[in-house]
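**Q** Under my numbering, the first residue of the sequence shown carries the number 63, and numbering increases by one thereafter. Virtual Cβ for every residue (Gly too), placed ideally from N, Cα, C.
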Amino acid sequence: TRPVRAKIRVRVPAWAARDMAIRVSGTAPVTGRAGSYVTLDRSWKKGDTISFTLPMDFRMTHYSGMDRIAGQEQYALEYGPILMALVGEVDEEGGATVPVAPVDLVKRLRPKAGQPLRFAIDGDLRHEYLPYWQVVADQLFTCYPALAG
């Protein structure tokens, strides 16, 4: 019931797409950078709130693992902390080629109406992206498709 002086550290995840504004009880924001902590050092009273919006965006990660497709560049697609899986025309070994250049993929993703976190690819009717955790047991997928535009 009485104010208490304390430090609260808010982590801004490394995957944050841009600086993150953090507000305390609606006051002017403090800004945190991706991969850092913001220390809120103040006297806290009953009813104080901390609010922020995690700035998510797509990012591509080049794949350099053992199961590479010869002569092809493979990339994982992530949305904030979410690993995306490519489903559709994928072979038994998890191989798939998307006819899009790596630099163009994000620009060609389109949200699927009424299906949160599902994305169609302009110019590719054979595939779509969805969160890895939404892949069903018998569905063929890959998280590292070859991109060739």
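For P117 versus R172, is the C-beta distance shorter than 7 Å?
**A** Working through the sequence shown from its first residue, we reach residue 117 at position 55. Working through the sequence shown from its first residue, we reach residue 172 at position 110. For P117 and R172, no; Cβs fall outside 7 Å.
**Q** Quick one: residues in its chain with C-beta nearer than 6 Å to the C-beta of D119, no 5 flanking neighbours on either side, listed in chain order?
**A** The residue you call residue 119 lines up with position 57 of the sequence shown. Within the same chain, D119 has close Cβ partners A79.
**Q** Could you tell me if Q136 is buried or exposed, where buried requires 16 or more neighbouring beta carbons within 10 angstroms of its beta carbon?
**A** The residue given as residue 136 occupies position 74 in the sequence shown. Buried, by the Cβ-count rule.
**Q** Which two residues bound the contiguous alpha helix (DSSP H) that contains V229?
**A** Past the boundaries of the shown model lies residue 229; the chain is included only from 63 to 211, so the question cannot be answered.
**Q** Compare the C-alpha of V160 against each of P178, V100, L209 and name the closest.
**A** For the purposes of this step, residue 160 is taken as the residue at position 98 of the sequence shown. Cα-wise, what sits closest to V160 is L209.
**Q** Near F181, which residues of its chain fall below 7 Å by C-beta distance, leaving aside the five closest residues on each side in sequence?
**A** Within the sequence shown, numbered from 1, the residue matching residue 181 stands at position 119. Closer than 7 Å at the Cβ level, and outside the excluded window around F181, lie L171, R172, P173, K174, E190, Y191.
**Q** Look at the Cβ atom of T115, then the Cβ atom of S87, and state whether they are nearer than 7 Å.
**A** The sequence position of residue 115 within the sequence shown is 53, counting from 1. The sequence position of residue 87 within the sequence shown is 25, counting from 1. No, the pair does not count as a contact, with Cβ atoms beyond the cut-off.
**Q** Would you tell me roughly how many angstroms separate the C-alpha atoms of V165 and P75, rounded to the nearest one?
**A** Along the sequence shown, one-based indexing puts residue 165 at 103. Along the sequence shown, one-based indexing puts residue 75 at 13. Answer to the nearest angstrom: the Cα atoms are 24 Å apart.
**Q** Alpha carbon to alpha carbon, how far is R130 from V149? Give it in angstroms, no decimals.
**A** Here the question's residue 149 lines up with position 87 in the sequence shown. Here the question's residue 130 lines up with position 68 in the sequence shown. Roughly 18 Å between the two C-alpha positions.
**Q** Beta-carbon separation of Y194 and A132 under 7 Å?
**A** To locate residue 194, count along the sequence shown from 1; it is residue 132. To locate residue 132, count along the sequence shown from 1; it is residue 70. Cβ distance not < 7 Å, so Y194 and A132 don't count as in contact.
**Q** DSSP has P91 in a bridge; who is on the other side?
**A** Residue numbering aside, residue 91 sits at position 29 when the sequence shown is read from its first letter. DSSP lists no partner for P91.
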